[in-house]
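Top to bottom, those sequences are chains A and B.
According to the numbering used here, the residues represented by the first sequence are 4 to 95, in order.
According to the numbering used here, the residues represented by the second sequence are 4 to 95, in order.
Number of protein chains: 2
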Amino acid sequence: MDFSRIAEAVRFHRGRSGLTQLELANLAGVGKTVVFDVEKGKDTVRFRTLCRILQALNIGIRLESPLMARFEEELDEESPSLDVRHSGRRTH
Amino acid sequence: MDFSRIAEAVRFHRGRSGLTQLELANLAGVGKTVVFDVEKGKDTVRFRTLCRILQALNIGIRLESPLMARFEEELDEESPSLDVRHSGRRTH
DNA sequence: GATATTTTACTGTTATAACAGTACCAAGGT
DNA sequence: ACCTTGGTACTGTTATAACAGTAAAATATC
């Protein structure tokens, strides 16, 4: 939500990286048009495409919700955990 | 990135909400096919479409990067702030 | 095990995202 | 003034996301 925020973040990070729109586009493996559109606030880009741009700028995405903690717990449980070094309660 | 994570989060939250794929689709204002695709891990959905689904499930998106703090600071500065309750140093 | 509900997996159609190409419009530097 | 560079803003084309519809699995509910 609030895609203008993402647009500004992309522009900010690109500027800090000293990249032009075209350079970022090539780095991310997308067309220059998309970079321009994203910075303009266009929210109709493919999620994959947006991710490529964010990744090129070292920007990560994190989901947050009231239930998120529960969700993460569940993920821990269903993986047998290859980490056998300490056998105990994961100290979150 | 790691769209399977998002897929699982959506499924988890939908389940917790007691919604069917179709109900969520209607709630989010998207087609049932998209909900299925997202939960299957399809990363080619439009960002806007994904956001609608996340929003319906009360899942927020946060960007994170080493530069993010700097970015937020800059946002604070350039907004004149309509909040006049405490007379801060706004006089420039 | 029969019935209902939900999910998965196809379709064909329509709208449109992504793209390269082009051109124009700043700013900055010479 | 000129030239360069980066951004903006259009094009036309192609690939495809989104959609409702349908049907078949899977999963509950009785």
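Where is the CB? At the ideal position from N, CA and C, for every residue including glycine.
All of these numbers come straight from a predicted model, not from anything done at the bench.
For the pair valine 33(B) and threonine 52(B), the CB atoms are nearer than the 8 Å cut-off.
DSSP places leucine 25(B) in no beta strand (DSSP E) but in the uninterrupted alpha helix (DSSP H) bounded by 24-31. At least one beta carbon of chain A lies nearer than 8 Å to the beta carbon of serine 68(B). Cα atoms of aspartate 79(B) and arginine 73(B): separation of roughly 10 Å, rounded to the nearest angstrom.
In the displayed model, isoleucine 56(B) falls within a helix according to three-state DSSP. Taking alanine 10(B) as the centre and dropping the five residues before and after it, the same chain places the C-beta of Val41, Glu42, Lys43, Gly44 closer than 7 Å to its C-beta, in chain order. Contact annotation: valine 38(B) and glutamine 58(B) have beta-carbon atoms that are not nearer than 8 Å. Per DSSP, the beta-bridge partners of leucine 66(A) are Ile64(B). Chain-ordered, the chain B residues with CB closer than 9 Å to the CB of isoleucine 62(A) read Leu66, Glu67, Ser68, Leu70, Met71.
With distances taken between CA atoms, isoleucine 62(B) lies nearest to Ser20(B) out of Ser20(B), Arg49(B), Pro69(B).
The distance from the Cβ of arginine 65(A) to that of arginine 65(B) is about 5 Å, consistent with a contact at the 8 Å cut-off. For valine 48(A), the nearest CB of chain B lies under 8 Å from its own CB, placing it at the interface with that chain. Exclusion of the five residues before and after arginine 17(A) leaves Leu27, Leu60 as the residues of its chain whose Cβ lies within less than 7 Å of its Cβ. Phenylalanine 50(B) sits away from arginine 8(A), with the two beta carbons spaced by 8 Å or more. Using a Cβ-Cβ cut-off of 8 Å, leucine 27(B) is close to nothing in chain A; its nearest Cβ partner there is about 14 Å away. Within chain B, the C-beta atoms nearer than 8 Å to that of glutamate 77(A) come from Phe15, in chain order.
If you draw a straight line from the Cα of alanine 31(B) to the Cα of proline 69(A), it comes to about 19 Å. Neighbourhood of leucine 53(B) in chain A, by CB distance below 9 Å: Phe50, in chain order.
Judged by DSSP secondary structure, valine 13(B) falls within the alpha helix (DSSP H) whose first and last residues are 6-20.
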